[in-house]
Amino acid sequence: MSASEVNDGWGQVGELMHDWCRSLFPITRSITGEGVRTTLEFISRKIGGDFILNEVPTGTEVFDWVVPYEWNIRDAWVENEQGERIIDFQSNNLHLMGYSEPVDQWLDLEELQQHLYSLPEQPEAIPYVTSYYKRRWGFCLSEQHRQSLEPGRYRAVVDADFKPGVLNYGELVIPGESSQEVFLSTYVCHPSMANNELSGPVVTTAIARWLQSLPDRRYTYRIVFIPETIGSLTYLSRNLDHLKTHVIAGFNVSCIGDDRCYSYLPSRAGNTLADRAARHALHHIDSNYLRYTWLDRGSDERQYCAPGIDLPVASIMRSKHGKYPEYHTSLDDLSLVTPSGLEGGYNALKSAIEAIEINCRPMATCLGEPKMSKRGLRPTLSRVDSIEEDNILIMHLLTYSDGERDLIEIADLINIPIKQLGEMVRLLADQSLIRI
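Sequential numbering of the sequence shown, starting at 1, is according to the working numbering.
Structure, rendered in structure tokens:
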């Protein structure tokens, strides 16, 4: 993807990402298995380059956890005594509780109810339910559907493999001029849900392609596509020393595809470079964005910012996980995530990354105010209406260029996008009025 393909025209990159969502939506994903591999292979084809598919064997200890058995599902259903499938995994993969163990047995309705999950408060929604670390089986259905079940005998079938295998994750490193890294993480473990699952991987894939298209990159970019929780723990257990040494900023990318709002969740530290870049970017996109606290955490930022790990990872989102009514249900579909919503999320994350790339600590070289007119940076005729806004902004930049404040802080003080300030830094550096 060229830079022009990414940026020219509202809706172009959004439509592309929405197409990717449509392709990925039907795949049954979980924390392990063929669905994860199929999803990562799709992403690999879109990114190309040095995308690596990694595997970690079942039983591997990752801090306080252990990589579980691999789970692969072929089919699952509940049928009545007439042989009619009344709950069918093939019609919606959310009908099956994730990681259900194999079963084939007849039950009466009362017994079956112990294995059914629904949401009385959302009677039309199929809930998303998992049981990764305790062996059980179950089916999910809408409350309306559940209430329609009649007394009788039912056959429940889960045709699945549950055995030693591997946990997979994808990794891409895009080198820059510096060995210092910006870290991006998104997860690929949820089945057919659009905002909670697919918006993160598709936006991150588009960001990776944009980064690859840049002629120059100041920083190296490390991008991972992982199963949530167990994947981030696995990745950290294998790479923690490197990450703590090299990562200067990072973003956990999820729930970034609807049109309702923009949201920000801080790192545990709260004022890292990633936090400041995220707040700066969102302020100039929508100053009414929703600000959450670390107490509202819920995704892989829990692992990246945990005590002893302490990576500078923040989150830029649209509607935050757990804060929109369709969350973890069948209602989180491709109508909730839109091309414009995805593009808005993409642009917010891109703007934060650009802020990190541009950021520096400028130091004014001239004692006192420099004579700008002799450099062609200010009119020689002084009139009350002759001072242009750019002249004022340049002088604001100079007055804060003390070598202590960085450009994000200065941009926030002046209240202009850092990208605009970056152009002024180059102009003043060319005139030897500041040094970095």
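For each residue, glycine too, the CB sits at the ideal point set by N, CA and C.
Note that the structure is a prediction, hence the values are computed from the model and not measured.
Item to complete: With a 10 Å radius around its C-beta and 16 neighbouring C-beta atoms as the bar for buried, classify VAL384 as buried or exposed.
Response: Any reading at VAL384 must be qualified, since the residue scores a pLDDT of 45, below 50, and its modelled position is unreliable; the value itself is stated next. Burial call: exposed.
Discussion item. If you reduce the DSSP assignment to three classes, tell me which class GLU15 lands in.
Written reply: helix
Worksheet item: Just how far apart, CA to CA, sit GLU228 and CYS360?
Response: 34 Å
Discussion item. Restricting to runs no shorter than 3 residues, where is the beta strand (DSSP E) found entirely within the region 203 to 262?
Written reply: 220 to 226, 247 to 252
Discussion item. Using a Cβ distance threshold of 8 Å, determine whether the region 107 to 119 contacts the region 133 to 148, with at least three qualifying pairs required.
Written reply: yes
Discussion item. The alpha helix (DSSP H) that contains VAL36, what's its start and end?
Written reply: 34 to 47
Worksheet item: In terms of residue numbering, what span does the alpha helix (DSSP H) encompassing SER351 cover?
Response: 339 to 358
Worksheet item: Apart from the five residues just before and just after PRO191, which ones in its own chain have a Cβ nearer than 8 Å to its Cβ?
Response: ILE27, THR28, ARG29, SER30, GLY35, ASN93, LEU94, GLY98, TYR128, GLU197
Worksheet entry | Environment of GLN90 [buried if 16+ CB atoms lie within 10 Å] | exposed
Fill in: Chain-order list of residues whose beta-carbon lies under 7 Å from that of ILE126 (same chain, five-residue window excluded)
ASN92, LEU94, HIS95, CYS140, LEU141, SER142, THR329, SER330
Practice prompt. Could you tell me if SER254 is buried or exposed, where buried requires 16 or more neighbouring beta carbons within 10 angstroms of its beta carbon?
Written response: buried
Worksheet item: So is TRP106 buried or exposed if we call it buried at 16+ other beta carbons inside 10 Å?
Response: exposed
Discussion item. To the nearest angstrom, how far is the alpha carbon of ARG153 from that of ASP108?
Written reply: 4 Å
Worksheet item: Taking SER178 as the reference, which of MET424, GLU84, GLU357 has the closest Cα?
Response: GLU357
Worksheet entry | Separation of PHE183 from GLU271, as counted between CA atoms | One detail in the question is off: residue 271 reads as Asn in this sequence, not Glu. Cα to Cα, the separation comes out at about 17 Å.
Worksheet item: Does the Cβ of GLY33 have 16 or more other Cβ atoms within 10 Å, making it buried, or fewer, making it exposed?
Response: buried
Fill in: Helix, strand or coil at TYR400 [DSSP, three-state]
helix
Worksheet item: PRO57 bridges to which residues according to DSSP?
Response: VAL166
Item to complete: Would you check if the distance between the CB atom of TYR289 and the CB atom of LEU282 is smaller than 7 Å?
Response: yes
Worksheet item: Which value, in whole angstroms, describes the spacing of the CA atoms of GLY176 and LEU53?
Response: 22 Å
Worksheet entry | beta strand (DSSP E) runs contained entirely in the region 83 to 143, provided each spans 3 or more residues | 85 to 88, 103 to 108
Worksheet item: Near MET424, which residues of its chain fall below 6 Å by C-beta distance, leaving aside the five closest residues on each side in sequence?
Response: ILE394, LEU397
Worksheet item: Once you ignore the five residues that flank ARG146 on each side, which residues in its own chain have a CB closer than 7 Å to its CB?
Response: LEU116, SER118
Fill in: Separation of GLY298 from ASP310, as counted between CA atoms
16 Å
Worksheet entry | Nonlocal neighbours in the same chain, by C-beta distance under 8 Å from THR338, ignoring five residues either side | GLY14, HIS18, GLY257, ASP258, ASP259
Worksheet item: Is the distance from the Cβ of VAL158 to the Cβ of PRO68 below 7 Å?
Response: no
Discussion item. Mapping the DSSP letters down to three states, classify TYR187 as helix, strand or coil.
Written reply: strand
Discussion item. Using only the alpha-carbon positions, how far apart do ILE43 and TRP20 sit?
Written reply: 9 Å
Discussion item. For a test of the three-state rule: what should DSSP assign to ASP75, helix, strand or coil?
Written reply: strand
Item to complete: Answer yes or no: do LEU40 and GLY170 have a C-beta to C-beta separation smaller than 7 Å?
Response: yes
Fill in: Euclidean distance between Cα positions of GLU110 and MET193
30 Å
Practice prompt. Below 8 Å on the Cβ atoms is my guess for PRO312 versus ALA269; work out the distance and round it to an integer in Å.
Written response: 7 Å
Worksheet item: Which of the three DSSP states, helix, strand or coil, is assigned to TYR69?
Response: coil
Fill in: Residues near SER23 in its chain [Cβ-Cβ closer than 8 Å; skip 5 each side]
PHE42
Worksheet entry | LYS371 versus ALA206 - alpha carbon distance | 45 Å
Item to complete: Report yes if the CB atom of HIS240 is closer than 7 Å to the CB atom of VAL62, and no otherwise.
Response: Correcting the residue type first, residue 240 is Leu in the shown sequence and not His. Result no, Cβ atoms of LEU240 and VAL62 do not sit closer than 7 Å.
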